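There are 2 protein chains.
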Amino acid sequence: MKQVDIKQAIEKKYPEVVVLVTSIDKSGKPNVMPAGWFAFSNSEPACLTVAIGYKRYTHKLISQTKEFVVCFPSLGQEKDIEYCGEVSGAEVDKFANCNLEILPAVEVKPPLIKNSVACFECKIINMMDLADHTVFAGEIVAAHISDNKRIYNFGHRVFKTV
Amino acid sequence: MKQVDIKQAIEKKYPEVVVLVTSIDKSGKPNVMPAGWFAFSNSEPACLTVAIGYKRYTHKLISQTKEFVVCFPSLGQEKDIEYCGEVSGAEVDKFANCNLEILPAVEVKPPLIKNSVACFECKIINMMDLADHTVFAGEIVAAHISDNKRIYNFGHRVFKTV
Numbered sequence: 006m007k008q009v010d011i012k013q014a015i016e017k018k019y020p021e022v023v024v025l026v027t028s029i030d031k032s033g034k035p036n037v038m039p040a041g042w043f044a045f046s047n048s049e050p051a052c053l054t055v056a057i058g059y060k061r062y063t064h065k066l067i068s069q070t071k072e073f074v075v076c077f078p079s080l081g082q083e084k085d086i087e088y089c090g091e092v093s094g095a096e097v098d099k100f101a102n103c104n105l106e107i108l109p110a111v112e113v114k115p116p117l118i119k120n121s122v123a124c125f126e127c128k129i130i131n132m133m134d135l136a137d138h139t140v141f142a143g144e145i146v147a148a149h150i151s152d153n154k155r156i157y158n159f160g161h162r163v164f165k166t167v
Numbered sequence: 006m007k008q009v010d011i012k013q014a015i016e017k018k019y020p021e022v023v024v025l026v027t028s029i030d031k032s033g034k035p036n037v038m039p040a041g042w043f044a045f046s047n048s049e050p051a052c053l054t055v056a057i058g059y060k061r062y063t064h065k066l067i068s069q070t071k072e073f074v075v076c077f078p079s080l081g082q083e084k085d086i087e088y089c090g091e092v093s094g095a096e097v098d099k100f101a102n103c104n105l106e107i108l109p110a111v112e113v114k115p116p117l118i119k120n121s122v123a124c125f126e127c128k129i130i131n132m133m134d135l136a137d138h139t140v141f142a143g144e145i146v147a148a149h150i151s152d153n154k155r156i157y158n159f160g161h162r163v164f165k166t167v
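Those protein sequence lines, which keep their order, are chains C and R.
6 is the number of the first residue of the first sequence in this note's numbering; add one for each residue after it.
6 is the number of the first residue of the second sequence in this note's numbering; add one for each residue after it.
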């Protein structure tokens with residue numbers, strides 16, 4: 006083992022999980038962002054956590070509505086993941102400008118994304134503020150799957166199956 | 006999308022990250038457990054989170070000492086990951102009974118694991134209790150890498166490269 010700068014070591018994280026997180030504003034307009042800092046976090050009830058930067062529009066929406074949906078993206082959604090990570094939902098309607106299609110969720114207001122490998126509808130049960138990100142813990146209240154192939158983040162804008 | 010039982014949808018999580026988490030008891034004896042519920046969680050300072058079940062011996066040790074090391078395991082450590090997930094450090098000395106070798110860390114007392122792809126030395130800065138797991142947030146205070154190949158958890162005891 007060789008001691009290195011922390012940022013250099015973090016480059017070893019790839020391939021990393023990538024998920025799409027949907028949320029809605031008070032008027033019901035949906036938004037979506039890609040996130041890599043996702044994990045399951047509790048067994049009974051099943052929960053997951055996702056870390057979202059304070060400056061992200063999604064952070065504001067989830068903080069307001071206490072609901073979100075985590076989607077595992079599938080082969081074919083690579084360009085949409087890139088696009089949704091490059092612009093802010095505070096300024097543009099991402100769903101209007103990309104090929105992701107939404108479907109109604111069952112237990113929460115933010116939408117599912119069509120053709121996801123899996124979607125997890127979540128209600129916030131806890132949150133932990135760190136220096137520049139909040140770790141949102143959501144209880145999974147409903148789940149949906151498809152038979153599509155999941156993609157991962159290989160770094161440097163490369164998303165592919167494993 | 007087809008709505009399914011939440012547990013069935015969670016099966017879509019594979020391939021999932023697997024890390025080895027080291028900790029020490031008050032006498033300095035090291036312990037290790039595999040964990041899948043890991044993510045980075047903050048940029049400045051770089052932090053990571055790992056969810057550990059309340060009943061795990063590692064939970065007790067991290068709660069006591071406020072330090073741990075997260076290691077990305079490498080090709081060749083598959084059997085050791087399995088072994089370390091099957092027994093409790095409260096009952097056996099895992100390092101004495103498997104092929105994982107430890108190395109001293111620089112900033113914390115829990116050890117590095119030799120031949121890891123990367124090791125992140127962490128000091129607890131926050132924690133969030135959920136129903137049966139605690140999400141421990143650690144600030145990364147030192148990091149180490151090697152050129153070995155990382156392995157992932159493909160489920161059903163299959164660990165391999167991607």
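Ideal Cβ placement from N, Cα and C applies to all residues, glycine included.
Computed from a predicted model, the values in this text were never measured in an experiment.
Residue environment: residue 28 of chain R is assigned as buried (16 or more neighbouring CB atoms within 10 Å of its CB, all protein chains considered). The C-alpha of residue 74 of chain R lies about 14 angstroms from the C-alpha of residue 41 of chain R.
Residue burial is scored here from C-beta neighbours: residue 98 of chain C has fewer than 16 other C-beta atoms within 10 angstroms and is therefore classed as exposed.
Residues of the region 125-138 of chain R whose Cβ lies closer than 9 angstroms to any Cβ of chain C, in chain order: 125, 130, 131, 132, 133, 134, 135, 136, 137 and 138.
Judged by DSSP in its simplified three-state form, residue 90 of chain R adopts helix. Between residue 133 of chain R and residue 142 of chain C, the CB-CB gap stays under 8 angstroms. Residue pairing from DSSP places residue 143 of chain C in a beta bridge opposite C:53 and C:129.
Listed as beta-bridge partners of residue 39 of chain R by DSSP are R:25. Close partners of residue 49 of chain R in chain C (Cβ separation under 7 angstroms): 136 and 137. For residue 119 of chain C, the closest alpha carbon among the candidates C:138, C:80, C:44 and C:18 is that of C:80. Taking a 10 Å sphere around the C-beta of residue 161 of chain R, we find fewer than 16 other C-beta atoms and assign the residue as exposed. The C-alpha of residue 91 of chain R is placed about 38 angstroms away from the C-alpha of residue 64 of chain C. Judged by pairs of C-beta atoms under 8 angstroms, the region 9-24 of chain R does not touch the region 95-114 of chain R, as fewer than three such pairs exist. DSSP lists R:157 as the bridge partner or partners of residue 165 of chain R.
Between residue 44 of chain R and residue 77 of chain C, the C-beta spacing is not below 8 angstroms. Around the beta carbon of residue 82 of chain C, 16 or more other beta carbons sit within 10 angstroms, so the residue counts as buried.
Against chain R, the beta carbon of residue 163 of chain C has no neighbour under 8 angstroms; the closest one sits roughly 13 angstroms away. Taking every protein chain shown into account, the CB of residue 116 of chain C has 16 or more other CB atoms within 10 angstroms, so this residue is buried. In the three-state scheme derived from DSSP, where H, G and I count as helix and E and B as strand, residue 79 of chain R is classed as strand. Against chain R, the CB of residue 75 of chain C has no partner CB under 8 angstroms away; the residue lies outside that interface.
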